[in-house]
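Undergrad:
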Amino acid sequence: MSCLLVAGLGNPGVKYQNTRHNVGFMVLDFLSQDLGLVFSFDKKFNAQVATLQTDFHKVFFLKPQTFMNLSGESIAPFVRYFDIRHTMVVYDDIDLAFGDIRFKFGGSSGGHNGLKSIDKAMGEQYLRLRFGIGRNAQQDVVHYVLSDFSEQEKKHFLQVAPCMQEAIMHFCNTCEDDIQNILAFLQNHFTLRQSNKKNLKQDHCSQAIQELPKDKSISQDVLSQKGKI
Numbered sequence: 006m007s008c009l010l011v012a013g014l015g016n017p018g019v020k021y022q023n024t025r026h027n028v029g030f031m032v033l034d035f036l037s038q039d040l041g042l043v044f045s046f047d048k049k050f051n052a053q054v055a056t057l058q059t060d061f062h063k064v065f066f067l068k069p070q071t072f073m074n075l076s077g078e079s080i081a082p083f084v085r086y087f088d089i090r091h092t093m094v095v096y097d098d099i100d101l102a103f104g105d106i107r108f109k110f111g112g113s114s115g116g117h118n119g120l121k122s123i124d125k126a127m128g129e130q131y132l133r134l135r136f137g138i139g140r141n142a143q144q145d146v147v148h149y150v151l152s153d154f155s156e157q158e159k160k161h162f163l164q165v166a167p168c169m170q171e172a173i174m175h176f177c178n179t180c181e182d183d184i185q186n187i188l189a190f191l192q193n194h195f196t197l198r199q200s201n202k203k204n205l206k207q208d209h210c211s212q213a214i215q216e217l218p219k220d221k222s223i224s225q226d227v228l229s230q231k232g233k234i
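When you line the sequence shown up against this note's numbering, it's residues 6 to 234, in that order.
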């Protein structure tokens, strides 16, 4: 049975918990509520870690506590120690429109400091789930990514988070081993562009563009709770 890793990128601490740069942490916290994941601190890897057993894999969920620009110092040793078969990294992408979801394997970091650190520590050959946070022409990049989501952006995030959850769970549950086949499936079924969101396939991402049902609301738990994101 192979081991998989889903790593969400962000900065530790209450100061950064609601910032755009912490999307990776937010997505994993969203999953943790549905799946009952329990994160605990692992000193060896300086990370919050949770595990999930599926039919085909043991899956680790990891939130580095190194700060963004040192993410690779946590993720790379973890990958080597547990002989991880495939890694998915979830992160914010300033080059995508807010709410867009894209997937890629390998390639450039796009200037993202977390990816730069990972690439340096273990190379570029890992799967990426990119959540678009857009740009603000009135703010420099550093200030923008380290500023909090607006209330409207928080609502938008909660609307599309189920799509990311479905994509991650496909990654965790698939019996497919070829990473290019996994990538192709994710791209075909879970890519979300705001310009074509009405054309999403009914059996996969359609839920991501709808209001969350009342019993699914997690705005207080995921976007406000101290120490969680």
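Where a beta carbon is used, it is the ideal one built from N, C-alpha and C, also for glycine.
Only a predicted model underlies this, so the values are computations on that prediction, with no experimental measurement involved.
Is Leu33 closer than 8 Å to Leu57 when the C-beta atoms are compared?
TA: No.
Undergrad: Could you tell me the distance, in whole angstroms, from the CA atom of Val84 to the CA atom of Arg133?
TA: 15 Å
Undergrad: With a cut-off of 8 Å on the beta carbons, I'd call Val54 and Phe66 a contact; round off their distance for me.
TA: 7 Å
Undergrad: I'd like to confirm the pairing. Which residues does DSSP put opposite Leu9 in its beta bridges?
TA: Its beta-bridge partners are Val64, His91.
Undergrad: Should Gln207 be labelled buried (16 or more other beta-carbon atoms within 10 Å of its own) or exposed?
TA: For Gln207, the predicted model reports a pLDDT of 39, less than 50, meaning its position is unreliable and no value from the coordinates is stated.
Undergrad: When we look at the beta-carbon of Asn193 and count the other beta-carbons within 10 Å, is it buried (16 or more) or exposed?
TA: exposed
Undergrad: If Leu9 sits next to Phe110, beta carbons under 8 Å apart, how far is it from one beta carbon to the other, in whole angstroms?
TA: About 14 Å separates the two Cβ atoms, so there is no contact after all.
Undergrad: What residue range is occupied by the uninterrupted beta strand (DSSP E) comprising Ala55?
TA: 52-58
Undergrad: Assuming Leu2 and Val94 make a contact with CB atoms under 8 Å, what is their CB distance in whole Å?
TA: Absent from the model: residue 2. The displayed extent of the chain is 6 to 234, so no value can be given.
Undergrad: Taking 8 Å as the cut-off, decide whether the C-beta atoms of Thr196 and Phe108 are in contact.
TA: yes
Undergrad: Since Asn23 and Asp153 should fall inside the 8 Å C-beta cutoff, what is the C-beta to C-beta distance between them, to a whole number of angstroms?
TA: 4 Å
Undergrad: Could you check the C-alpha separation between Cys180 and Ile123 for me, to the nearest Å?
TA: 26 Å
Undergrad: Taking the alpha carbon of Phe44 as the reference point, which residue from Leu101, Ala12, Asn74 has its own alpha carbon closest?
TA: Ala12
Undergrad: With which residues is Ile106 paired in a DSSP beta bridge?
TA: Phe136, Leu197
Undergrad: Would Val151 and His26 be called neighbours here (beta carbons separated by less than 8 Å)?
TA: In the sequence as presented, Val is not what sits at residue 151; that position holds Leu. Yes, these two residues count as a Cβ contact at 8 Å.
Undergrad: Among Asp88, Asp47, Cys168, whose alpha-carbon lies nearest the alpha-carbon of Ser79?
TA: Asp47
Undergrad: For my contact list, Val28 and Asp97 are in at a C-beta cut-off of 8 Å; report their separation, rounded to the angstrom.
TA: 4 Å
Undergrad: Can you check whether the CB of Asn178 is closer than 8 Å to the CB of Thr92?
TA: no
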